[in-house]
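Residues 25 to 481 in the numbering used here are what the sequence shown spells out, letter by letter.
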Amino acid sequence: MPVPTPDAMTAQPRAARPAQSTTSEAGAEAPGASFFRPGAAPPTPARKSTMSAGAPPVGAPDAAPAKRSATAAPTTAVARCDHPPRLAGRKPRLPAEVSAASCAPLDGLDPTALGVTYWFEAPPDGEPRAQSVLLKGRLVEPDEGQSKAPTAFEIVTTVHEVIPGSGWQCVTTRIPDVAPGRWDVTATPLAGSRPGSVQRTPVGRPGLARGLASGRTGFGMLVDALAPGVWAGSWSALVSLGFVLGLSLQAVLAGVLGLGWAPLTGVTLVAGALGLVGAKGYYLLTHPVERRRSIRVPGMSVQGFVIVALATLAVGALLLSVPVGAVLDATAPGLFLGMTVGRLGCLFAGCCVGRPTASRWGLWSSDRHVGVRRIPVQLMESSLCAALTALSAIAVGTSPVAGSGLVLVVGFAAYLVGRQLLFPLRAVGRVTRNGRMVTLVVASAVLATGLVVMWSA
Numbered sequence: 025m026p027v028p029t030p031d032a033m034t035a036q037p038r039a040a041r042p043a044q045s046t047t048s049e050a051g052a053e054a055p056g057a058s059f060f061r062p063g064a065a066p067p068t069p070a071r072k073s074t075m076s077a078g079a080p081p082v083g084a085p086d087a088a089p090a091k092r093s094a095t096a097a098p099t100t101a102v103a104r105c106d107h108p109p110r111l112a113g114r115k116p117r118l119p120a121e122v123s124a125a126s127c128a129p130l131d132g133l134d135p136t137a138l139g140v141t142y143w144f145e146a147p148p149d150g151e152p153r154a155q156s157v158l159l160k161g162r163l164v165e166p167d168e169g170q171s172k173a174p175t176a177f178e179i180v181t182t183v184h185e186v187i188p189g190s191g192w193q194c195v196t197t198r199i200p201d202v203a204p205g206r207w208d209v210t211a212t213p214l215a216g217s218r219p220g221s222v223q224r225t226p227v228g229r230p231g232l233a234r235g236l237a238s239g240r241t242g243f244g245m246l247v248d249a250l251a252p253g254v255w256a257g258s259w260s261a262l263v264s265l266g267f268v269l270g271l272s273l274q275a276v277l278a279g280v281l282g283l284g285w286a287p288l289t290g291v292t293l294v295a296g297a298l299g300l301v302g303a304k305g306y307y308l309l310t311h312p313v314e315r316r317r318s319i320r321v322p323g324m325s326v327q328g329f330v331i332v333a334l335a336t337l338a339v340g341a342l343l344l345s346v347p348v349g350a351v352l353d354a355t356a357p358g359l360f361l362g363m364t365v366g367r368l369g370c371l372f373a374g375c376c377v378g379r380p381t382a383s384r385w386g387l388w389s390s391d392r393h394v395g396v397r398r399i400p401v402q403l404m405e406s407s408l409c410a411a412l413t414a415l416s417a418i419a420v421g422t423s424p425v426a427g428s429g430l431v432l433v434v435g436f437a438a439y440l441v442g443r444q445l446l447f448p449l450r451a452v453g454r455v456t457r458n459g460r461m462v463t464l465v466v467a468s469a470v471l472a473t474g475l476v477v478m479w480s481a
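As structure tokens, this is what we get:
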């Protein structure tokens with residue numbers, strides 16, 4: 025399951041500056057008011073950063089308060105949120121937020137990081153444009169112990185394509201390897217409609233506001249997994265649930281084909297464990313950028329799981345002296361059922377996301393960097409797998425070719441056709457230039473041939 029491409033960030037020393045003391049120009053909220061309405065847009069943010077390791081924390085004797093400029097921040101009013109993005113999980117009430125990454129067992133572990141989220145609204149009309157935000161942070165309450173990590177930072181985060189009319193969205197920025205403790209962060213929207221034309225001057229329009237956030241650092245891997253619309257642990261929970269449900273359905277259909285469910289379940293457990301290794305290996309193989317970062321980067325590919333798991337099942341069937349075709353056909357409906365539930369985990373975990381859209385049929389979701397209204401491609405693929413679950417289960421129980429392995433072949437070919445048709449709706453493009461078309465043609469030919477054989481049997 026792919027993970028969004030990380031932002032590029034470079035660090036250079038700079039002179040220490042006094043901390044901003046400005047609060048959100050949107051003002052303190054009136055009771056019942058909230059900061060955003062539904063919607064969103066665009067892809068991965070690009071960041072430029074400047075950090076200082078020698079800057080004193082706020083509150084040090086030589087840190088004088090910064091003067092507020094009369095034109096330093098926009099004066100946009102806070103908008104009422106009648107229908108907030110449901111997958112955000114909560115209603116943010118200020119433009120800027122620091123990720124709540126407190127977890128007692130992980131406190132104090134290295135590396136530390138700080139997560140900052142900025143909320144803004146896309147313009148109602150016009151052309152797609154970029155929106156940049158200047159984030160300035162300074163350590164105000166260091167943790168105990170000496171640290172040589174930076175105590176101040178300055179980062180420009182750019183959302184490259186804000187789609188007009190797409191409503192409210194958020195961009196989450198992670199600042200790694202900073203000094204542990206409590207930080208104050210000021211977020212200021214900048215002028216410039218293209219990434220190369222960003223000006224370091226504040227810009228004001230409805231839906232943009234300058235804000236101040238305060239919060240603590242956390243364990244880096246935990247901070248990377250936190251963002252509005254991302255539910256920590258959801259992918260593991262739903263994939264595990266899908267595996268259990270698929271295993272149960274396989275046991276039922278094994279009896280239909282005259283197989284013993286107990287030995288088949290044992291082989292399937294082994295196949296599932298090895299399939300996870302295959303999923304990780306396939307992901308790293310097809311995502312060279314992530315592979316160069318670290319093999320620990322999160323992300324798996326369902327193709328790798330299916331290839332390794334089915335190969336393990338075939339070998340297990342031979343060792344058990346049972347028909348390989350019957351084992352594969354009994355497994356097919358359970359495999360599709362597991363993928364039906366597992367794709368919901370992708371939706372809540374922020375992977376395999378769809379492209380941003382302003383359509384009313386879009387669903388607000390996040391890729392862990394940008395929370396936007398997107399094409400719900402995970403739900404589409406989940407629906408495809410649900411249909412294949414029902415059709416393959418019917419075929420196992422009624423078709424004369426059940427037990428030959430043809431049910432799995434036809435079902436998986438149909439899945440590949442549907443998957444390739446959904447790929448253009450994804451936010452992350454294909455790695456290979458012609459791989460999608462070749463896969464689509466081959467899978468379509470196998471599907472057509474298999475259906476003819478099943479119909480004539």
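Ideal placement from N, C-alpha and C gives every residue a C-beta, glycine not left out.
Would you mind stating whether residue i and residue j have Cβ atoms separated by less than 9 Å?
i	j	result
Val186	Arg153	yes
Leu432	Ser406	no
Val401	Cys376	yes
Val441	Ala467	yes
Gly205	Asp149	no
Leu361	Val351	no
Pro347	Gly421	no
Ser390	Ala251	yes
Val164	Ser238	yes
Thr413	Thr463	no
Glu121	Trp192	no
Leu298	Ala354	no
By the three-class DSSP mapping on this structure, what secondary structure does residue i have?
i	result
Leu281	coil
Asp248	helix
Val332	helix
Trp259	helix
Ala411	helix
Glu405	helix
Trp192	strand
Ile187	coil
Ile418	helix
Trp479	helix
Leu236	strand
Gly169	coil
Ala373	helix
Pro287	helix
Thr100	Residue placement at Thr100 is flagged as unreliable, the pLDDT there being 38, under the threshold of 50; a coordinate-derived value is accordingly withheld.
Val326	helix
Thr241	coil
Thr463	helix
Which one of the options has the shortest CA to CA distance from residue i?
i	options	result
Thr210	Gly139, Gly257, Gly253 and Leu262	Gly139
Arg198	Gly235, Ala124, Leu232 and Phe144	Ala124
Pro174	Tyr142, Pro119, Ala146 and Thr241	Thr241
Leu509	Val330, Gln327 and Ala410	Nothing can be reported for residue 509, as the shown portion of the chain is limited to 25 through 481.
Trp479	Arg450, Val434 and Met461	Val434
Leu214	Tyr142, Thr289, Ala137 and Ser423	Tyr142
Gly429	Pro448, Gly474, Trp385 and Val452	Gly474
Val280	Ser423, Gln444 and Ile399	Ser423
Gly169	Ala203, Val195 and Arg162	Ala203
Look up residue i in the DSSP assignment and give the residues it is bridged to.
i	result
Leu163	Trp207
Trp388	Arg397
Thr212	Leu158
Tyr307	DSSP, once it has assigned bridges, lists no residue as partnering Tyr307.
Val301	Partner(s): none; Val301 has no beta bridge.
Taking 9 Å as the CB-CB cut-off, is residue i touching chain C?
i	result
Ala256	Protein chain content of the structure displayed is limited to a single chain, and chain C is not contained in it.
Kindly examine the ligand MN and report whether one of its heavy atoms sits closer than 8 Å to the Cβ of residue i.
i	result
Gly299	With respect to small molecules bound, the structure shown includes none, and the ligand MN cannot be examined in it.
query = Can you list the alpha helix (DSSP H) stretches of 4 or more residues lying completely in the segment 425-456, in chain order?
reply = Within the segment 425-456, the alpha helix (DSSP H) runs of at least 4 residues that lie entirely inside it are, in chain order, 430-446.
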